[in-house]
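Have a look at the structure below, then the notes.
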Amino acid sequence: MSKGRIMVVDDNLASLKLLLDTLTREGFQVLPADSAELALAAMENSAPDLILLDLKMHGMNGFDMIRRLKASPGSQDIPVIFLSAATDTELRIRGFQLGAVDFVSKPFEHNELLARVGNHLELFRLRNELRQQAQALRRANAATTEQLQQERAYLAAIVESSADAIISRNLDGVIASWNPAAEHIFGYTAQEMIGQSIAILLPPDRQHEAALLIDSIRQGQALFNFETERICKNGTRIIVSLTVSPIRDSAQHVIGASSIVRDITQQRRTEEALRESEERWKFALEGSNEGVWDWNIQTNEVLYSRQWKRMLGYSDHEVDNTLDTWKQLVHPGDLPAAQAIIQAYLSGERTDYQLEHRLRCKDGSWKWILSRGMVVARTPDKQPTRMIGTHQDITARKESELQISFMAYHDRLTGLPNRTLFFDRLSQSISKARRNRNRVALLFGDLDGFKHANDQFGHDAGDIVLKIVASRLLTTVRAMDTVARIGGDEFVVILGDIVNPDEAVQIGNKLIHAVTPPIALPGNLHCSVGISIGISIFPDHGTEMDTLLAAADSAMYQSKTAGKGKCTLFDGPSPSVAMHDNWIHLDASCHVGIAQIDQQHQQMVDLVNALNLAVLRKESAESINQKFQALTDCTKEDFDAERELMERYHYPYQGEHDAIHGRLLADLLQFKSRLNKGGDLFVLQSIKDWLLQHIPAEDKPLGEFLREHCQ
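For the sequence shown, this note's numbering gives the first residue as 12, with consecutive numbering after it.
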């Protein structure tokens, strides 16, 4: 799977080729363009995830192109990294002002380039996810937001309209003063209350408070924020907060008391409503199965909700409210990345906080967690002080993803790699063998007597036989080898790093002996099956997958003919040569005279012939694409080998030769695109002409130079 789509725009073809190779090897899908105009045209059909843009190009330069990109709604959010050999600070500032996210200096350092590209691709992906999540959150919370706004407005109105009553009285409790706020709170006018006892405001069950308050005042003691109840003129009981202070004369004798009375009835009602609202909020969170955490960044205290703890199998008292608790529970392999993301978010390098990591449960198992959060409080100088977030259990999703991936590439009955994964493994083994100049053995096995056992004992028993045979084959070969099931009772084995074909024959005989012991079936029954095996060797019997498979299949039928239970090494002519000589071959005019280069050219010709045959046979698109990819890989290996020779012997035209290679690889990518659109005959002829014209025109002069200087 591609790590991301990257467009590389550079009119220096050598640089373009280097970037293409570097990024492709790292798993990125690269869209090369040697001009800004070509890049803009290509983006009309498909936009990349990131653009590497050369600053100085002929025609439209990098500044002009980024202006065009930022002016278009469809491309203005695509991150752009400028490529430049210039170190002029003003140029860089200008690039950032136009919207570039980074600069990479030429010549670039490999790891730095990959790190910057990876970081900005991740930022681009996270911004898109955040935008989508924000939209979903806005929709989901619209009604809640309106309700909260109404509650805030209501509470604000209460606060703005509140006032404190100020009342004074003598030591006998006779009221001496009564301000307008007291009129408003209690409903009595000053005329009605002055000269009356303060006891008129106390409910029957609170009358004892009058004596207690007066005793405290006589002793010169003040009372602060004493909460109690009082009765209004209309008989309503209200909750009040009292602050009572002694009144002294000039001789400091206590002669009375001053009371500040605050009606907190509405406040208490509001608090109750808030408690109910909080309970509803907690209920909603509990119902969503998401854990909540609240981190005091300054003290490293973290409050974990009950659901957070319950998600991992812990009770409330088993988890300390500290950041160290979280660190101890995070999987050691995930902790460094998790801490780096948190730090990047807190420092402002990231605009959002979201990560997936594993947490250890109480029983020792691991759960995948999606952690999301945001800073909710900062100091005056903008330093974060509090962060709140949620934990969501995504273990089931992760397991489903792994299961789906496994099922796509494995046989459901035996669990062995299926045909798709087999071809991928074989392609990798051949590529590795080609690089290391060693062999790969392909063993094609067909069970003997399986049909009889299946008919005699039933399909369920047949399934048992297939699973046991698969297990026996798997335990007989090395861990590095591949055992796959590609048909009903057909199995294939890939043996890498084979030095001598006899090794493959020995392993084939071991497989035959491993399969033959009787197999126990339900009902105290037994059956026996055998296996006939055919073997082909890369590169002895072919250089591409279909040829090797056909050769192994042919050898397997020889084993069947010879009496079954045999292992036969293919001994016929190479099918690839017989198939491909009729269309394209290399004559004397294409011989470079350097053995390494001539061998690679022959491999490229064989692959072109295989591609031609696949098209003529109308093979599947997957098969044709695999052959095209093999041709592309072989071409890159040839170009890399030529570059190494040119550098070693100081070929004077290396720059031109590398530029031609860059163009040829770009052409090859275009050929693949056309082939997928149905232009089979045109593309095949183009590839043939492309190959046969390049070798005599560019590689023969190189060969002459190398022969002269290699002496």
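Just so you know, even glycine gets a beta-carbon here, dropped at the ideal spot from N, CA and C.
Subject >> Beta carbon of Gly519 nearer than 9 Å to that of Ile497 >> reply: no
Original post:
Going along the chain, which unbroken runs of the beta strand (DSSP E) with 3 or more residues stay wholly within the segment 13-67?
Top reply: 16-20, 40-44 and 61-65
Subject >> Exposed unless 16 or more other CB atoms sit within 10 angstroms - verdict on Ala641 >> reply: buried
Original post:
In the DSSP assignment, what residue or residues form a beta bridge with Phe114?
Top reply: Phe93
Subject >> Contiguous beta strand (DSSP E) assignments of at least 3 residues, all confined to the segment 533-618 >> reply: 536-538, 541-549 and 578-580
Original post:
When DSSP builds the beta bridges, which residues end up paired with Val255?
Top reply: Answer is Leu234 and Ser270, bridged to Val255.
Subject >> Alpha-carbon to alpha-carbon, Thr98 and Leu31 >> reply: Thr98 has its alpha-carbon roughly 24 Å from the corresponding atom of Leu31.
**OP:** Starting from Lys378, follow its DSSP beta bridges and name the residues at the other end.
**Re:** Leu370
Original post:
For Arg430, which of Met385, Asp500 and Asp260 has the nearest alpha-carbon?
Top reply: Minimum Cα distance to Arg430 is reached at Asp500.
Original post:
What is the DSSP secondary structure of Asp75, counted as helix, strand or coil?
Top reply: helix
Original post:
Buried or exposed: which applies to Asp21, given that a residue is buried once 16 or more other Cβ atoms fall within 10 Å of its Cβ?
Top reply: buried
**OP:** Measure the CB-CB distance between Pro43 and Ala677 and report whether it falls below 9 Å.
**Re:** yes
Original post:
For Phe119, which of helix, strand or coil comes out of DSSP?
Top reply: In this structure, Phe119 counts as coil in the three-state DSSP scheme.
Original post:
Is it true that the segment 483-498 meets the segment 570-584, where meeting means three or more beta-carbon pairs spaced less than 8 Å apart?
Top reply: no
**OP:** Determine contact between the segment 112-128 and the segment 81-97, defined as no fewer than three beta-carbon pairs at a distance below 8 Å.
**Re:** Result yes; three or more Cβ-Cβ pairs closer than 8 Å.
Subject >> Per-residue DSSP class, three states only, for Pro84 >> reply: coil
Subject >> Helix, strand or coil at Leu458 [DSSP, three-state] >> reply: strand
**OP:** Starting from the Cα of Lys683, find the closest Cα among His720, Val626, Arg654 and Thr310 and give me that residue.
**Re:** Val626
**OP:** With distances taken Cα to Cα, identify the nearest neighbour of Glu55 among Leu80, Asp216 and Gln40.
**Re:** Selection Leu80, Asp216 and Gln40 evaluated against Glu55 yields Leu80 as nearest (Cα-Cα).
Original post:
Would you call Pro550 buried or exposed, if buried means 16 or more other Cβ atoms sit within 10 Å of its Cβ?
Top reply: buried
**OP:** For Gly302, collect the residues of the same chain with a Cβ closer than 6 Å to its Cβ; drop the 5 residues on either side in sequence, then sort them by chain order.
**Re:** Correct list, in chain order: Ser316, Gln318, Trp319, Met322 and His402.
Subject >> Selected residue, minimal CA-CA separation from Pro533, among Asp327, Gly473, Asp564 and Arg654 >> reply: Gly473
**OP:** Pull up the CB-CB distance for Ile250 and Ile275, whole angstroms please, since I reckon it's below 8 Å.
**Re:** 5 Å
Original post:
Does the Cβ of Gln614 have 16 or more other Cβ atoms within 10 Å, making it buried, or fewer, making it exposed?
Top reply: buried
Subject >> Distance, Leu224 Cα to Gly198 Cα >> reply: 23 Å
Subject >> Beta-carbon gap between Val504 and Val488 smaller than 9 Å >> reply: yes
Subject >> Cross-strand partners of Met385 (DSSP beta bridge) >> reply: Answer by DSSP bridge pairing, in chain order: Ile399.
Original post:
For Ala210 versus Gln218, is the C-beta distance shorter than 9 Å?
Top reply: yes
**OP:** Please go through the same chain and pick out, in chain order, the residues whose beta-carbon is closer than 8 Å to the beta-carbon of Val616, but skip the five residues on each side of it.
**Re:** His591, Ile595, His596, Leu597 and Leu702
Subject >> Residues bridged to Ala265 [DSSP beta-bridge criterion] >> reply: A small correction: the amino acid at residue 265 is Val; Ala does not occupy that position in the sequence shown. Paired residue(s): Arg259.
**OP:** With hydrogens ignored, establish whether the beta-carbon of Tyr568 is closer than 8 Å to any heavy atom of the ligand GTP.
**Re:** Annotation note on the ligand GTP: not contained in the displayed structure, which lists no ligands.
Original post:
Expressed to the nearest angstrom, what Euclidean distance is found between the alpha-carbon atoms of Cys372 and Asn23?
Top reply: 55 Å
Subject >> Contact set for Pro712: own chain, Cβ-Cβ below 8 Å, skip 5 residues either direction >> reply: Tyr664
Original post:
Buried or exposed: where does Arg127 fall if 16 or more other Cβ atoms within 10 Å of its Cβ makes it buried?
Top reply: buried
Original post:
Excluding the five sequence neighbours on either side, which residues of its own chain have a C-beta within less than 8 Å of the C-beta of Leu618, listed in chain order?
Top reply: Thr554, Glu555, Lys638, Ala641, Leu642 and Cys645
Subject >> Rounded distance between the beta-carbons of Leu34 and Ile17, thought under 8 Å >> reply: Indeed, because the Cβ distance is near 6 Å, the residues count as touching under 8 Å.
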